[in-house]
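As you go down the protein sequences, you meet chains B and W in turn. For the first sequence, this note's numbering begins at 2 and goes up steadily by one. For the second sequence, this note's numbering begins at 468 and goes up steadily by one. Beta carbons are placed, not taken as given, at the ideal position from N, Cα and C, and that holds for glycine. Every value quoted in this text rests on a predicted model; they were computed, and no experiment measured them.
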Amino acid sequence: MKDKRSTLILLAGILLILASALIYFQPWSRQLDAETKAWTLTLVGRDGTEKVLSYKDLTALPTYKGEGGFFSTVGIVYGPYSAQGVTLEELCRQVGGITPGDAVMISARDGYSTVLDYEQVMGGFITYDTNLKEVPHDELKTVLIYRQDGQPLPDEDGKPLRLAIIGTRKGLLTEGNYWVKWVNKIEVLKTP
Amino acid sequence: MNFPKYLCLFLIISLLSFAPGCSGPAVKQEPAKVGLKVIIAGSLLVPFQALEKEFESRNPDIDVLLDGHGSVQVIRSVTELGNIADITAVADAQLIPLMMYSTPMPESDRAYADWTLKFSTNRLGIAYTDASAHASEISADNWYRVLSRPDVSIGLADPRIDAMGYRTLMAIQLAEDYYRDDTIFETTIGSAFQPPIMITGQGSHNTITVPEVVKSAQARVKLRSYSIQLMALLESGDLDYSFEYESVAKQRGLKFLTLPAAIDLSDPASEDGYRQVEVNLDFKRFASVVPNFKGTQIVYGLTIPNNALHPREAARFINFMLGPEGRRIFEDSHQPLLMTPQGDNSGVMPAELRSLFK
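Structure follows, in structure tokens:
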């Protein structure tokens, strides 16, 4: 009788611990929310070709993983992060590619935009250490990221898609104005 | 064996370790402070950090929360990105009426702001170090000739990103009129850009047009997004000269060449001259901002947004800033306050601030 009671208490305890662990780790939060599911990314090619990708379409494209961070106008450093996404070169390829001399406009939900030249699309940026001193880099890519430090992007970091400059060397920073949050359109602007 | 007793103890410890807020030792609760959110332009960071420290020591009920951005972004963070600020302070006072007076708050008839307090100015000049090429001979009379030499490197903030960038273009163009030499823009920086930065004149008025993509084709002209990067290059000896605000150059211990008032965008008496130049950007960075900037005196402005959570505490902070202590802090930061602050729509300012204009 006493053994049976102990077993029941033990089972109840295990269930309680499991329930607590579920509440603590919230595995359901890793599922896509409605906003992310409904997000679309419009790609426009140099000949006007348009293609609209869902978040799911985007994450099915070849992935690039790398390290990188950025600094703001006033020198505040963010990151560096481990990030994962799709290279801008690959996204341009989806609508016919990009040639030297072209530029690419990146636009965001909040009305912000930036323009990158061909070299920047290919990862041609100056890199900095955390003291903002210019330092060399190894491989560097311009990437539309959807994961940061192993998690989907939080809203304040541009959920669900953010432009980032990441590469193989750890600890490097680039200028923050290129890290566009909430990206919803990428347009290849052909050479006049 | 008292197995259930130990099991219960284990369970209680396990549950407590998962319960948020219960894992640390009990601490005595201090009275909650008012978090005063102050969003400022980057060039104000040094005096505002000092103000924060002094103000908090005299107002222990308030915790000043500083956040710095470029001036346009300071305002956008409130009007477009949903941040709540108690004070917004920018390096171009015109931006407040332009971007806040006519932008209604969500579910309200009121605009984000309806008054501006102009409180400080600054001066554009040339920052350099003792190690800069030809540092011993540069002066207000010959700087444009020194900066044109092939062995001299010049830093330029990106005019599409940083107000310092388009103000630098204005100053160099104004120099052509002042020194009566219409080659200054081309020989100092103009020839470096591909595609070129175009200047079109109509009478004495000049419009500088910056293309969508700006790249320097000359190694000696270094273009960076923000002026803060150029200061780092100067300090490391990788750059000879860069245009900069007087306050920022002196705060960083750099040498500063003062330019004539007709060029340096600091002088209210030269306002008519400044207005003879404007900069148009082909690149529209913000959907809500028309990228056309007219030459004008550098005047810093602030406001308390109409959706501020702590407007009274914000007024206390502003009064402190404009009082003797604040004035001393700004002078120590090489950025003097205006002798008398100026108000735009001062009649609708909070009562606590109206006395500043009597």
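Against A104/B, what residues of chain W qualify as contacts under a CB-to-CB distance less than 8 angstroms, listed in chain order? Neighbours of A104/B on chain W, chain order: E679 and V680.
Should V116/B be labelled buried (16 or more other beta-carbon atoms within 10 Å of its own) or exposed? A buried status is given to V116/B, since no fewer than 16 other beta-carbon atoms sit within 10 Å of its beta-carbon.
Between which two residues does the beta strand (DSSP E) harbouring N786/W extend? Segment P778 to L789 is the alpha helix (DSSP H) holding N786/W; no beta strand (DSSP E) there.
Would you say S114/B faces chain W, with C-beta separation under 8 angstroms as the test? With respect to chain W, the C-beta atom of S114/B has a partner C-beta closer than 8 angstroms.
Name the chain B residues that come within less than 7 angstroms of A754/W, Cβ to Cβ? Under the 7 angstroms cutoff, chain B gives G112.
Could you check what DSSP says for D553/W in three-state terms: helix, strand or coil? Of the three classes helix, strand and coil, the one that applies to D553/W here is coil, per DSSP.
Does L133/B come within less than 8 angstroms of chain W when only Cβ atoms are used? So, interface residue.
Anything in the stretch 176-190 of chain B with a Cβ closer than 9 angstroms to a Cβ of chain W? List those residues in chain order, please. Residues passing the 9 angstroms Cβ filter: E176, G177, N178, Y179 and L190.
Beta strand (DSSP E) containing R94/B: first to last residue? No beta strand (DSSP E) contains R94/B, which is instead part of the alpha helix (DSSP H) from L89 to R94.
Neighbourhood of Y712/W by C-beta distance below 6 angstroms, restricted to the same chain and skipping five residues each side: Only residues of its own chain outside the window of five on either side were considered, and among them S510 and N589 have a CB closer than 6 angstroms to the CB of Y712/W, listed in chain order.
Check whether the Cβ of A699/W lies closer than 8 angstroms to any Cβ atom in chain B. Chain B contact via Cβ: present.
D524/W versus G46/B - alpha carbon distance: At residue 524/W the sequence reads Ser, which differs from the Asp that was named. When rounded, the distance between both Cα atoms is 58 angstroms.
Buried/exposed call for I551/W, threshold 16 Cβ in 10 Å: Exposed is the call here.
Which partner residues does E120/B have in the DSSP bridge list? Bridge partners of E120/B according to DSSP: none are assigned.
Kindly say whether D74/B, judged by its beta-carbon, lies nearer than 8 angstroms to any beta-carbon of chain W. According to the sequence provided, residue 74/B is Thr. The question's Asp does not apply to it. With a threshold of 8 angstroms between beta carbons, T74/B makes contact with chain W.
Which residues of chain W have a Cβ atom closer than 7 angstroms to the Cβ of D118/B, listed in chain order? Listed along the chain, the chain W residues whose CB falls inside 7 angstroms of the CB of D118/B are V680 and K682.
Near-chain B residues of the stretch 500-521 of chain W (beta-carbon distance less than 7 angstroms), N- to C-terminal order: Against chain B - using a Cβ distance shorter than 7 angstroms - the residues of the stretch 500-521 of chain W are G509 and L512.
With which residues is P571/W paired in a DSSP beta bridge? Under DSSP, P571/W shares a beta bridge with A578/W.
Return the chain-ordered ranges of every alpha helix (DSSP H) run that is complete within the stretch 117-171 of chain B and spans a minimum of 4 residues. If we require 4 residues or more, the alpha helix (DSSP H) runs fully inside the stretch 117-171 of chain B come out as 119-122.
What residue range is occupied by the uninterrupted alpha helix (DSSP H) comprising A624/W? A624/W -> not in any alpha helix (DSSP H); beta strand (DSSP E) instead, spanning I621 to A624.
DSSP three-state assignment for D811/W, whether helix, strand or coil: Three-state result, D811/W: strand.
Looking at the C-beta of H801/W, does it have a partner C-beta in chain B at a distance below 8 angstroms? Among the CB atoms of chain B, none fall inside 8 angstroms of the CB of H801/W.
I187/B bridges to which residues according to DSSP? In the DSSP secondary-structure assignment, I187/B is bridged to L44/B and I107/B.
Are the C-beta of G720/W and some C-beta of chain B separated by less than 8 angstroms? For G720/W, not one C-beta of chain B is nearer than 8 angstroms to its own C-beta.
Taking the beta carbon of A607/W as the centre, do at least 16 other beta carbons fall within 10 Å, making it buried, or is it exposed? It counts as exposed.
On the DSSP letters alone, give me the boundaries of the beta strand (DSSP E) that K52/B sits inside. Start and end: E51 to S55.
At a cut of 8 angstroms, does the stretch 558-574 of chain W reach the stretch 753-767 of chain W through at least three beta carbon pairs? They touch, by the three-pair rule.
Taking Cβ-Cβ distances below 8 angstroms as the criterion, which residues of the stretch 735-755 of chain W are in contact with chain B? Against chain B - using a Cβ distance shorter than 8 angstroms - the residues of the stretch 735-755 of chain W are F750, K751, R752, F753, A754 and S755.
C-beta neighbour in chain B for Q685/W, strict 8 angstroms: Chain B has no Cβ within less than 8 angstroms of the Cβ of Q685/W.
Identify each residue in the stretch 617-629 of chain W for which the Cβ-Cβ distance to at least one residue of chain B is less than 9 angstroms, and report them in chain order. Taking 9 angstroms as the upper bound on Cβ-Cβ separation, chain B lies near residues D625, R627, I628 and D629 of the stretch 617-629 of chain W.
Check whether the Cβ atoms of S587/W and Y708/W lie closer than 8 angstroms to each other. Y708/W sits away from S587/W, with the two beta carbons spaced by 8 angstroms or more.
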